[in-house]
Amino acid sequence: MTFYFLFLFLVPFQHHPVMGAQLFHVGFFPITPIKLVGIPLVAAAILLPRPPDAAPRPSARILFLFAAFVLFQVLGTTLSSVSFPADDASTLFSFAILMVATNLLISTQNRMQMTIRVIVLVETFASTWLYKQYYIYHWPRPLGPSADPNYEALSLVMTVPLAIWMIRYEQRDLWKWVGRICSPILAFAVFVSQSRGGLLALIVMAVLAWLNSQHKMRLAVGSVVAVAFMLAIGPGQMIKRLQQMQFQGQGQTGAEISTRARIELARAGFRMMEHHPVFGVGLDQFQSYEFHYNPLLMSLEGHPHIAHDTYVQLGAEGGIPTLALYLAILMLTLATCRSAQKVQGVPDDMAALALAFQIGLIGIMVAEVFLTAQYIKEVWVFISLTPNLYAISVHAAAMSRKTASAPTGPAAPVAPRPRLRTG
């Protein structure tokens with residue numbers, strides 16, 4: 007498991023100048039530290055024996071959908087005769103390493119629990135880049151280790167439910183305190199990132215948590231206090247960015263122009279889908295074609311941008327089938343989380359973890375309307391863990407029922423009581 011946890015540690019630092027650096031190339035593919043860890047990780051996952059208390063192998067349906075998702079994009083790009091996108095293909099290869107290793111290794115409750123702890127600790131550590139850049143270096147808008155505040159916000163927002171789960175369901179006080187410390191750090195870091203998509207996802211997740219809570223009043227009061235605290239000490243620029251959202255007309259400020267440009271980028275993407283519905287314009291080609299499909303973008307910002315919408319970017323570059331495959335992966339992941347909660351006799355901690363996954367995934371799906379995030383590894387960490395969570399939940403419920411129905415053994419014989427002799 008050491009290689010797996012090291013792989014998870016490197017996930018937030020894929021754009022770091024050292025931990026995400028391109029060390030060398032093999033053909034067209036850049037080799038980074040995460041790939042150097044990933045190759046022995048997969049080898050170890052295949053060769054090492056499974057633990058005696060391992061759950062049955064999880065379903066491979068998401069793996070098959072992912073394979074189709076990758077192959078269709080590569081095939082479409084090859085047929086479109088554009089230059090082969092080595093960076094994107096390399097990223098997809100990293101996702102494949104993650105999904106195969108997770109499928110093989112995370113087979114027990116203990117391993118799942120350790121994985122959640124590592125994810126929370128690593129993402130909390132990564133969030134300190136935002137705090138350092140804003141409060142120490144005084145950057146107007148911090149970038150975080152992802153070199154993009156929007157990507158950083160998405161990575162953090164999906165981890166918040168896991169930290170809250172630790173508070174409630176960890177057995178040891180040490181890990182409960184880790185959850186208590188990490189959850190506010192992660193949530194406030196989303197506010198520090200000044201990402202409007204990340205903040206909206208956080209609000210949606212808070213509403214979902216409130217709907218599923220048995221202590222609605224307590225949660226509502228806590229949320230109001232948390233929001234007031236963030237507004238009091240958080241970046242004032244975040245409030246300005248929210249006030250400057252503009253959906254039509256000519257923007258004046260940077261935030262207004264950014265909002266207007268995103269609307270026009272979506273229009274360019276829809277036109278690409280209309281003209282190239284099957285294979286799209288090719289991987290990493292959105293920026294090359296956006297001015298052609300929407301000339302108005304040149305007057306707004308003057309240089310090409312990504313779509314800032316995962317679904318539009320996927321449909322434009324990979325075609326409608328690629329978008330459909332991605333949505334199928336997300337829907338199947340959500341359904342798997344729901345099924346894990348409904349397993350008869352599932353332990354409370356596993357059911358609650360499935361709910362935390364579900365809330366985090368919905369937060370991701372909301373944020374992806376505002377961010378191009380299909381290549382953020384944290385998204386695929388969630389997706390890859392979900393089938394294992396279901397398999398472990400089913401196995402834990404079965405073992406619980408087996409223990410409950412086991413015979414307690416014959417009763418010990420009762421010695422006869424001696425009679426008192428009289429006379």
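Going by this note's numbering, the sequence shown opens with residue 7, and the numbers climb by one from there.
Don't be surprised by glycine CBs; every beta carbon is placed ideally from N, CA and C.
Computed from a predicted model, the values in this text were never measured in an experiment.
Contact belief for residue i with residue j at Cβ below 8 Å, rounded distance in angstroms
i	j	result
Q4	P241	With the chain running from 7 to 429 in the structure shown, residue 4 is simply not present.
V198	G204	V198 to G204, Cβ: 10 Å. No contact.
L361	N156	Not really, about 26 Å apart at Cβ, beyond 8 Å.
V126	I368	The Cβ separation is near 19 Å, so there is no contact.
P36	S96	5 Å
A379	L206	About 14 Å; that fails the 8 Å criterion.
Cα-Cα separation, residue i to residue j
i	j	result
I398	F34	39 Å
Y299	D154	26 Å
G26	Q115	31 Å
F19	V387	14 Å
V375	V213	18 Å
I389	R344	13 Å
L333	T339	10 Å
P190	M337	29 Å
F75	Y140	38 Å
S229	F235	10 Å
M220	S100	In the sequence as displayed, the identity of residue 220 is Gln instead of Met. Rounded to the nearest angstrom, the two C-alpha atoms are 40 Å apart.
G286	H311	17 Å
F297	A313	12 Å
Y438	D355	Nothing can be reported for residue 438: it is not among the residues displayed for the chain, which extend from 7 to 429.
A92	K222	49 Å
V17	L391	15 Å
D143	G275	Reading off the sequence, residue 143 comes out as Tyr, not Asp. So the two alpha carbons sit approximately 37 Å from each other.
P55	L29	32 Å
V385	I365	13 Å
R67	Y317	21 Å
R268	A49	43 Å
M7	S294	42 Å
I239	S406	48 Å
Q177	T84	52 Å
G288	T409	55 Å
A215	H309	40 Å
I187	W145	25 Å
L359	S305	48 Å
G255	V227	Annotation note: pLDDT 49 at G255 (below 50); position unreliable, coordinate value reported separately. So the alpha carbons of these two residues sit roughly 39 Å apart.
L237	L208	15 Å
T2	L69	The first residue shown for the chain is 7 and the last is 429, placing residue 2 beyond what the model contains.
Y381	H21	12 Å
Q119	A357	13 Å
P148	F194	13 Å
A3	T38	This structure gives no information on residue 3, because the portion of the chain shown stretches from 7 to 429.
P277	V284	Checking the displayed sequence, the identity of residue 277 turns out to be Arg instead of Pro. Going by the C-alpha atoms only, they are around 13 Å apart.
F363	R266	33 Å
L47	K383	16 Å
H282	S86	10 Å
S371	A73	Residue identity differs from the one stated: residue 371 is Met in this sequence, not Ser. C-alpha separation (whole angstroms): 21 Å.
With 16 other Cβ atoms within 10 Å as the buried cut-off, status of residue i
i	result
Y446	Since the first residue shown for the chain is 7 and the last is 429, residue 446 is missing from the structure and cannot be characterised.
A61	buried
R202	buried
E280	exposed
F253	Confidence in F253 is poor, its pLDDT being 45 and thus under 50, which makes the residue's placement unreliable; the coordinate value appears in the next sentence. The residue is exposed, with fewer than 16 neighbouring Cβ atoms inside 10 Å.
Q79	buried
M105	buried
L217	exposed
L98	buried
V184	buried
I45	exposed
D315	buried
Check whether residue i and residue j have beta carbons under 8 Å apart
i	j	result
E270	L320	no
W94	D290	Here residue 94 turns out to be Asp, not Trp, going by the sequence shown. Result yes, Cβ atoms of D94 and D290 sit closer than 8 Å.
A51	A102	no
V32	F13	no
F15	V166	no
L192	T121	no
R123	W181	yes
A373	V163	yes
F292	A322	yes
P64	P393	yes
L331	L71	yes
Test: residue i CB closer than 8 Å to a CB of chain C
i	result
T134	You won't find chain C in this structure, because it holds only one protein chain.
Problem set entry | the segment 131 to 139 / the segment 171 to 178 touching (three or more Cβ pairs under 8 Å) | Three or more Cβ pairs closer than 8 Å define a contact, and the segment 131 to 139 falls short of that threshold against the segment 171 to 178.
Exercise. Per the contact definition of three or more C-beta pairs closer than 8 Å, is the segment 312 to 328 in contact with the segment 338 to 351?
Worked result: No, because fewer than three Cβ pairs between the segment 338 to 351 and the segment 312 to 328 fall closer than 8 Å, the two stretches do not touch.
Exercise. When the Cβ atoms of the segment 392 to 409 are set against those of the segment 112 to 131, are three or more pairs found closer than 8 Å?
Worked result: yes
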